[in-house]
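When you read off a place in the sequence shown, starting at 1, and then add 686, the result is the number in our numbering. C-beta: ideal position from N, C-alpha, C; glycine also. Encoded as structure tokens, the structure appears first; notes follow it.
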Amino acid sequence: MVSPRIPETTAREKMDPLPELLAETLRVRWIPAGLPRHAPGEDADTLPEPDAAALDELSGILADASRLMDAMETGEAALRLAEAESFSRRYRFGEAVRPFLAETFFRQGILFLWDGNSAECVERFARSRALRPGFSPDPALYSPTVQEAWTRAAERPVRPAELLVQSIPPGAEIYLEGNLAGTTPGRIQPDGIGPVRILVAKEGYLPEERVGQWLPGDSGLMEITLAADPASGLPDLLASDPGGEGAGRRLREISTRAGANRIAVLLFDVQEGKETLRVLSMGRGDRTAAVLGEMAWPEGEDGIEQVARKAAEMLASAGWPAKTAVTREKRPWYHTWWLWVVLVGVAAGVAAAGSGGGGGDSGSSSGTVGVIF
687 MVSPRIPETT AREKMDPLPE LLAETLRVRW IPAGLPRHAP GEDADTLPEP DAAALDELSG
747 ILADASRLMD AMETGEAALR LAEAESFSRR YRFGEAVRPF LAETFFRQGI LFLWDGNSAE
807 CVERFARSRA LRPGFSPDPA LYSPTVQEAW TRAAERPVRP AELLVQSIPP GAEIYLEGNL
867 AGTTPGRIQP DGIGPVRILV AKEGYLPEER VGQWLPGDSG LMEITLAADP ASGLPDLLAS
927 DPGGEGAGRR LREISTRAGA NRIAVLLFDV QEGKETLRVL SMGRGDRTAA VLGEMAWPEG
987 EDGIEQVARK AAEMLASAGW PAKTAVTREK RPWYHTWWLW VVLVGVAAGV AAAGSGGGGG
1047 DSGSSSGTVG VIF
């Protein structure tokens, strides 16, 4: 974690190497903590490909709609087609589902044409053409009126999907597949057909991520309420409170959210014109963070190595697990039971009882440090 009194370029130069250096002597690893929160049940994995039973059921719904249309029971047919569209949207818009959606839009267009609504008919036909390129209605089965509307649909490209994203509070940045797409409230246009990730982020709040899929011609509303980030303002709080007592509540929130048994904070600050590093540690049941020590940042090329060594010694003396020679030689750092957490706005060490895994990326904003492995 970096005091706001430290320029960002200096902070990056001196703090970025610390995770790797500390991991050489402590049984810890660094992972990103302020990760985007996922909405329950909204992930790419919840958009599966349909199995054989689902495809059979979908075929049955469309066959029923076709029978009702042949009997000119248009109201019931429209309901069955709406059911087919809703059923199809449960699944990933892959090659298995697209023909069913194309057929659904095609038949909906015919119903609109029968009802005298040629504009809606052409719109549905255009959506059908986008999902099933190369298809043309058989003249032996469909009237010249349908053929003419189908031809006109080719001259009217279907509009891209459009999504209105709103957030509380407003003014958050919207990222579409990792690229900045606007701010809330704002409209975005997901590209392609299939699952996309939308992330909403605002300084001082935890980022929120959604996964969804939209078809050409779709429109929708996404409303997101952002939760306050307990790490927000923590650098200022610790920089003004050398003992760290005032940061206890926020550190508890951070460690609880990370599922950690304990959390450590390394504060890079300037005291009386000298750069210092303060090391704090806090267990899950503690009300405040204990200051393990403070050291002046040595000058010279090996200053970072000296600071890392002293910080590791302080943490090891406080009970953080040190690596043995055998562990350093035979076990990669990521095959451990101890975790370091890197926060947006605070670099914190976490020891948690959980299985080890790979590292991750952490971004940074003004006055903060991000660590990338």
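Contact fails between the region 863-883 and the region 828-839, because fewer than three Cβ pairs, one in each stretch, are under 8 Å apart.
With respect to the C-alpha of ASN865, the residue from VAL886, GLU999 and ARG845 having the closest C-alpha is VAL886. Runs of alpha helix (DSSP H) with 4 or more residues, each lying fully within the region 903-948, are found at 920-926 and 934-944, listed in chain order.
Contact between LYS1009 and THR711 holds, since their C-beta atoms are separated by about 6 Å, short of 8 Å.
One thing to note: LEU862 has its Cβ within 8 Å of the Cβ of ILE884. For ALA887, the enclosing beta strand (DSSP E) stretches over residues 881-887.
Counting only residues of its own chain and dropping the five nearest sequence neighbours on each side, MET758 has no CB closer than 7 Å to any other CB. The DSSP-derived three-state label of LYS1009 is coil. Judged by DSSP secondary structure, LEU862 falls within the beta strand (DSSP E) whose first and last residues are 859-862. Classified as buried, ASP915 has 16 or more neighbouring CB atoms from the shown chains inside 10 Å of its CB. Of the candidates GLN957, THR962, ALA975 and GLY959, the residue whose Cα lies closest to the Cα of ARG935 is ALA975.
Assignment of beta-bridge partners to ARG810 by DSSP yields no partner. For ARG995, the enclosing alpha helix (DSSP H) begins and ends at 989-1003.
In the displayed model, GLY971 falls within coil according to three-state DSSP, outside both helix and strand.
About 7 Å separates the beta carbons of VAL965 and ALA950, which is inside the 8 Å limit, making them a contact pair.
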